[in-house]
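Visitor: Before I ask anything, let me first share the structure, which is written out below as C-alpha cells.
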Amino acid sequence: MSKFWTQSSLGCVRTYYLRPALNFGPSATPLVCLVFSLTSPLYLQILNMLQSSLTKSLRLYSTKAARNRQALERIIRVDHAGELGADRIYAGQMAVLGPVIQHMWDQEKEHKAKFEELIPKYRVRPTVLIPIWNVAGFALGAGTALLGKEAAMACTVAVESVITDHYNSQLRELIHNGEEEHKELIEVIKKFRDDEMDHHDTGLAHDAELAPAYKTMSNVIKMGCKAAVWISERI
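The structure is reproduced here in C-alpha cells:
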C-alpha cells in the first residue's frame, strides 16, 4: 500500500509538473499522462534517486545514533569508575588528612552516587575492573598519605588534574553530538568538573608542590590515571 501510494503520488507529480516536457499534446488525458509517467524511464530514475537518498539518510541516522550511544556508554562507564576510584583514594587519606579533605570526600561520594544512578537509567554496563580500582584507589590514597600531608595533597592535585581535563573533553564531545539530547549529562559533568577543579586548587593551597619528588610523583600518578581511564572506557 505504501509503495503504491508513493508511486501514484509521484506519477501525479510527473503528470502535472513534467507534462510540458513530454510533449503529450493537447489531446492527452490525465490518465494517459499518468500511465506514461508511471512507466517512463525518467519517472523510474527519479524514483530510484529518491529511494537512494532515503536509504542513505536512514543509514547516516542509524550510524550517528550508534556512535552517540557508544559515546554515552563510554562516558558514563569511565566516569563511574573514576568517581569510585576517587572515593577510595580519599578513604585511604582520611587517617592523615582528616577534616581537611572531609568536604572533598563528601563531594566524591555525591559524584559516585550520581553515576550509580545513571548506570541503570541509561542501561550502561559498568567496567569489569571495579574491584581492582577499589583496591588500587585505596592503596594510592593510603600510600601517599603515609608519606605526609604534602604527598597526599600532591596525589589529589595530580588525580584531579587528569579528571578535570577528561571531563572537559567529554563536554566537548557531548555538545558536538547534540547539546539538547544530552542536556542532563552535560549539566552533571559541568558541576562535577567544577568540584574537581576546586579539589585541585585546594591541594595546591595545602602545599602539594612541597611534597618530596613532587614532579616525579605527579607524573607517575597522572600516567596511572590516564591508563585507568583508557582501560575503563573499553572494558
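Under this note's numbering, the first residue of the sequence shown carries the number 5, and numbering increases by one thereafter. Where a beta carbon is used, it is the ideal one built from N, C-alpha and C, also for glycine.
#1: Would you kindly check if the distance between the Cβ of I190 and the Cβ of L178 is under 8 Å?
#2: Can you tell me which of the three DSSP states T206 falls into?
#3: Quick check on DSSP: helix, strand or coil for P130?
#4: Tell me the DSSP secondary structure of P135 in three-state form.
#5: List the whole-angstrom C-beta distance separating I80 from I123, where the pair is believed to meet the contact cut-off of C-beta under 8 Å.
#6: Do you know how far the Cα of N52 is from the Cα of C229?
#7: Tell me, to the nearest whole angstrom, how far the beta carbon of A158 is from that of A99; I am working on the premise that it is less than 8 Å.
#8: From I136 to L88, what distance separates their C-alpha atoms?
#9: Can you tell me which of the three DSSP states E184 falls into?
#10: In this structure, how does DSSP classify F28 when only helix, strand and coil are distinguished?
#11: Suppose the cutoff is 8 Å on Cβ atoms and the five residues either side in sequence are ignored; what does the same chain contact list for D110 look like?
#12: Between Q74 and A156, how many whole angstroms is the CB-CB distance? I'm expecting something under 8 Å.
Guide: Walking through what the data contain:
#1: yes
#2: helix
#3: coil
#4: helix
#5: 6 Å
#6: 53 Å
#7: Actually they do not touch by this definition, with Cβ atoms about 17 Å apart.
#8: 11 Å
#9: coil
#10: Bear in mind that the predicted position of F28 carries a pLDDT of just 48, short of 50, making it unreliable; the figure below should be weighed with that in mind. In this structure, F28 counts as coil in the three-state DSSP scheme.
#11: none
#12: Between A156 and Q74 the Cβ distance is about 37 Å, and since that is not below 8 Å, they are no contact.
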